[in-house]
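Participant: Protein chains in written order, with my numbering: chain F, 9 to 396; chain U, 32 to 150.
All C-beta atoms in this analysis are idealised placements derived from N, C-alpha and C, irrespective of residue type, glycine included.
No experiment lies behind these values; they were computed from the predicted model shown.
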């Protein structure tokens, strides 16, 4: 009796191809006028309502006044020796952050201006934001990597400037600004980081390791008829076949941003994971994140233990899904339910941990399958979840 | 751990709307006890209720079948006065199309599920 399962060609492949083509090559070009960009957003009634409500609130706070150019401060080039760090406002200097994130990837064009308050009484500049950047520049000046004539770009606000709608003056606005700048930024969905990296290679010839590896991950998506998307694209019932929103999980499984020699090996774990999904569940709406972790870790464990997961075993795993979970998302939900029941039964605190995913799959498989000839690896945490 | 069996049912119901239209809608749902569920419906509608089709299988598979049918027929689920989507497929979709969809899924995706003959 043959064990082979033939699911045929993926009927959704053309859609994934279109989405991937649009990823880094927008149909109307890469530039959109600011006016048009804003107009497009405001043409959506729900988004316009959000913005208009906020503007109404600000208008009330301004109480009939408006902002003039002078209220925004001014840009200036300041000698490093004239800058003081307000250590009452700012956090510690972070050598790890300065080394890894700023100096290693240093590019003077990307260095942000430092936000300072000009103290008229002393004639010095008090920095309330941009400490890590200004310290980096100082370090590079000391190391002789920056010409001694270079000054620090600053956005300056005089300490006696009063602006409409606020009673904060001098260092007080900086104290508030430190918190605002560090908390008001919307977290960037990993999709945008992935797209930027891929675009870096495909459109701008980037040779950065993180970009080239992301582009290889994108090739893995494309090869398996999948496309990356924002998490919000899958909300409600909007997920589409081939849609991958768990980009950070894919990066993790593929070993993104590890040494190239390592990545060249680990990327195949992601490839095999997505190929399995494409082979057996190409019509599923979205590629489940829990599934990506489960199979990615399974293939990694097998690789590390020198166990081959054969085509027959992959077919068997599909049959297990048909009998026990229905779909990859069903498997994920089943694990959540079972872990919770397991924790309650053993009087443990109920909390989700994705560490249980691969052990549960392997244990279920071993219980279910005729596993004489088709072994799966022993995986981490199998004893932890014994009896689940 | 022994899993208890669950049931997925389809029930056809002819409804007289407030605008005096007569329409056939398909109700779907899952339960661990079909008899109790039919009694519940009987209490609402005031007549004997008999499910049109009934399938049984492990709870997880039945739950996933329900999730999938609600996802695939999302645009055809009846929407109530407060915008809530109910487990009723509107008259736009014929009952036969729905049963064929379920039969295909049971045959190809959820093969641990079997149909139960309704007496």
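(1) Can you pull the chain F neighbours of residue 105 (chain U), defined as C-beta to C-beta under 8 Å?
(2) For a contact meaning CB atoms closer than 8 Å, what does residue 342 (chain F) contact in chain U?
(3) Apart from the five residues just before and just after residue 279 (chain F), which ones in its own chain have a Cβ nearer than 6 Å to its Cβ?
(4) Using a Cβ cut-off of 9 Å, which residues of the region 331 to 364 of chain F contact any Cβ in chain U, in chain order?
(5) Does the CB of residue 248 (chain F) have a neighbour CB from chain U at under 9 Å?
(6) DSSP puts residue 458 (chain F) in a beta bridge; with which residues?
(7) Within this structure, are the beta carbons of residue 84 (chain U) and residue 130 (chain U) separated by less than 9 Å?
(8) Can you check whether the CB of residue 263 (chain F) is closer than 9 Å to the CB of residue 277 (chain F)?
(9) Is there a Cβ from chain U that is less than 9 Å from the Cβ of residue 293 (chain F)?
(10) What's the C-alpha gap between residue 190 (chain F) and residue 114 (chain F)?
(11) Using a cut-off of 8 Å between C-beta atoms, extract the partners of residue 140 (chain U) located in chain F.
(12) Spatial neighbours of residue 339 (chain F) within its chain, please: CB distance less than 6 Å, with the 5 preceding and 5 following residues excluded, ordered by chain position.
(13) So, under 8 Å CB-CB, residue 233 (chain F) and residue 24 (chain F) are touching, yes? Tell me the CB distance rounded to an integer number of Å.
(14) Sort out for me which residues DSSP pairs residue 39 (chain U) with in a bridge.
(15) Please confirm if residue 95 (chain U) has its CB atom under 9 Å from at least one CB of chain F.
(16) Could one say the Cβ of residue 327 (chain F) lies closer than 9 Å to chain U's Cβ atoms, at least one of them?
(17) Return the residues of the region 68 to 82 of chain U that lie within a Cβ-Cβ distance of less than 7 Å from chain F, sorted by chain order.
(18) Leaving out five residues before and five after residue 297 (chain F) in sequence, what residues of the same chain have Cβ atoms less than 6 Å from its Cβ?
(19) Specify whether the region 363 to 370 of chain F and the region 310 to 322 of chain F touch according to this definition: at least 3 beta carbon pairs, one from each stretch, less than 8 Å apart.
(20) Report yes if the C-beta distance between residue 134 (chain F) and residue 78 (chain F) is below 9 Å; otherwise report no.
(21) What's the C-alpha gap between residue 245 (chain F) and residue 110 (chain U)?
(22) What does the alpha-carbon distance come out to for the pair residue 46 (chain F) and residue 52 (chain F)?
(23) Please list, in chain order, all residues of the same chain as residue 106 (chain F) whose beta carbon is under 8 Å from its beta carbon, the five residues on each side excluded.
(24) Residues of chain F with CB under 9 Å from residue 35 (chain U), in chain order?
(25) Would you call the CB atoms of residue 288 (chain F) and residue 350 (chain F) closer than 9 Å?
(26) What in chain F is Cβ-close to residue 102 (chain U), meaning under 7 Å?
(27) What does the alpha-carbon distance come out to for the pair residue 120 (chain F) and residue 35 (chain F)?
(28) Whole-angstrom Cβ separation of residue 69 (chain U) and residue 80 (chain U), contact assumed at under 8 Å?
(29) With residue 126 (chain U) as the anchor, note down where its alpha helix (DSSP H) starts and where it stops.
(30) Is it the case that the Cβ atoms of residue 404 (chain F) and residue 230 (chain F) are separated by a distance below 9 Å?
(31) With DSSP run on the structure shown, which of helix, strand or coil describes residue 87 (chain F)?
(32) Can you give me the start and stop residues for the alpha helix (DSSP H) that residue 210 (chain F) sits inside?
(33) Can you name, in chain order, every residue of its own chain whose Cβ lies under 6 Å from the Cβ of residue 301 (chain F), other than the five neighbours on each side?
(34) Could you spell out the range, first to last residue, of the beta strand (DSSP E) harbouring residue 183 (chain U)?
(35) Residue 99 (chain U) CB to nearest chain F CB: under 9 Å?
(36) Distance cutoff 9 Å, beta carbons only. Does residue 114 (chain U) sit that close to anything in chain F?
Facilitator: A quick look at the data gives this:
(1) Looking up residue 105 (chain U) in the second chain gives position 74. Under the 8 Å cutoff, chain F gives 245.
(2) Taking the first chain and counting its residues from 1, one reaches residue 342 (chain F) at position 334. Within chain U, the residues near residue 342 (chain F) are 91.
(3) Here residue 279 (chain F) refers to the residue found at position 271 when the first chain is read from its first residue. Correct list, in chain order: 228.
(4) 331, 332, 333, 334, 335, 337, 338, 339, 341, 342, 345, 346 and 349
(5) On the first chain, residue 248 (chain F) is found 240 positions in, with the first residue counted as 1. No, residue 248 (chain F) lies away from the interface with chain U (no Cβ there is under 9 Å from its Cβ).
(6) The structure shown does not extend to residue 458 (chain F), since chain F is modelled only from 9 through 396, so no value can be given for it.
(7) As a working mapping, residue 84 (chain U) is identified with position 53 in the second chain. As a working mapping, residue 130 (chain U) is identified with position 99 in the second chain. Contact: yes.
(8) On the first chain, residue 277 (chain F) is found 269 positions in, with the first residue counted as 1. On the first chain, residue 263 (chain F) is found 255 positions in, with the first residue counted as 1. Cβ distance < 9 Å, so residue 277 (chain F) and residue 263 (chain F) count as in contact.
(9) Looking up residue 293 (chain F) in the first chain gives position 285. Cβ-Cβ to chain U under 9 Å: yes for residue 293 (chain F).
(10) What you label residue 190 (chain F) is simply residue 182 of the first chain in a count that begins at 1. What you label residue 114 (chain F) is simply residue 106 of the first chain in a count that begins at 1. Approximately 21 Å, taken between the alpha carbons.
(11) Stepping through the second chain from its first residue, residue 140 (chain U) is reached at position 109. The answer, in chain order, is 330, 334 and 335.
(12) The count along the first chain starts at 1 and reaches residue 339 (chain F) at position 331. Within the same chain, residue 339 (chain F) has close Cβ partners 333.
(13) As a first step, residue 233 (chain F) must be located in the first chain, where it is residue number 225. As a first step, residue 24 (chain F) must be located in the first chain, where it is residue number 16. Contact flag correct, Cβ pair sits at about 5 Å.
(14) The count along the second chain starts at 1 and reaches residue 39 (chain U) at position 8. BP columns for residue 39 (chain U) point to U:61 and U:86.
(15) Here residue 95 (chain U) is taken as the residue at index 64 of the second chain, counted from 1. With 9 Å as the cut-off, residue 95 (chain U) counts as an interface residue toward chain F.
(16) For the purposes of this step, residue 327 (chain F) is taken as residue 319 along the first chain, with counting starting at 1. Taking Cβ atoms only, chain U reaches closer than 9 Å to residue 327 (chain F), which makes this a yes.
(17) none
(18) The count along the first chain starts at 1 and reaches residue 297 (chain F) at position 289. These residues qualify, in order along the chain: 254 and 257.
(19) no
(20) Mapped onto the first chain, residue 134 (chain F) falls at position 126. Mapped onto the first chain, residue 78 (chain F) falls at position 70. Taking 9 Å as the Cβ cut-off, residue 134 (chain F) and residue 78 (chain F) do not qualify as a contacting pair.
(21) Counted from its first residue, the first chain places residue 245 (chain F) at position 237. Counted from its first residue, the second chain places residue 110 (chain U) at position 79. Whole-angstrom Cα-Cα distance: 15 Å.
(22) By 1-based counting over the first chain, the position of residue 46 (chain F) is 38. By 1-based counting over the first chain, the position of residue 52 (chain F) is 44. If I take the Cα positions, the gap works out to 10 Å.
(23) Mapped onto the first chain, residue 106 (chain F) falls at position 98. 140, 143, 144 and 147, listed in sequence order.
(24) Locating residue 35 (chain U) in the second chain gives position 4, where the first residue counts as 1. Residues of chain F passing the Cβ test: none, with the nearest at roughly 13 Å.
(25) The residue labelled residue 288 (chain F) in the question sits at position 280 within the first chain. The residue labelled residue 350 (chain F) in the question sits at position 342 within the first chain. Against a cut-off of 9 Å, the Cβ pair of residue 350 (chain F) and residue 288 (chain F) comes out as no contact.
(26) As a first step, residue 102 (chain U) is located in the second chain; it is residue number 71 there, counting from the start. Going along chain F in sequence order, the residues near residue 102 (chain U) (Cβ under 7 Å) are 245 and 293.
(27) Along the first chain, one-based indexing puts residue 120 (chain F) at 112. Along the first chain, one-based indexing puts residue 35 (chain F) at 27. If you take the alpha carbons of residue 120 (chain F) and residue 35 (chain F), they lie about 32 Å apart.
(28) By 1-based counting over the second chain, the position of residue 69 (chain U) is 38. By 1-based counting over the second chain, the position of residue 80 (chain U) is 49. The pair is a contact, with the Cβ atoms about 5 Å apart (cut-off 8 Å).
(29) Mapped onto the second chain, residue 126 (chain U) falls at position 95. Residues 126 to 139.
(30) No statement about residue 404 (chain F) is possible, as the shown extent of chain F runs from 9 to 396 and does not include it.
(31) In the first chain, the residue the question calls residue 87 (chain F) occupies position 79. Residue 87 (chain F) falls in the coil class under three-state DSSP.
(32) In the first chain, counting from the first residue as 1, residue 210 (chain F) sits at position 202. Here the alpha helix (DSSP H) through residue 210 (chain F) covers 198 to 210.
(33) The residue given as residue 301 (chain F) occupies position 293 in the first chain. The residues are 257, 362 and 365.
(34) Chain U is shown only over 32 to 150; residue 183 (chain U) falls outside these bounds and no answer can be derived.
(35) Start at 1 with the first residue of the second chain, and residue 99 (chain U) comes out as number 68. Taking Cβ atoms only, chain F reaches closer than 9 Å to residue 99 (chain U), which makes this a yes.
(36) On the second chain, position 83 is the one that residue 114 (chain U) refers to. It does not: the Cβ of residue 114 (chain U) has no partner Cβ on chain F nearer than 9 Å.
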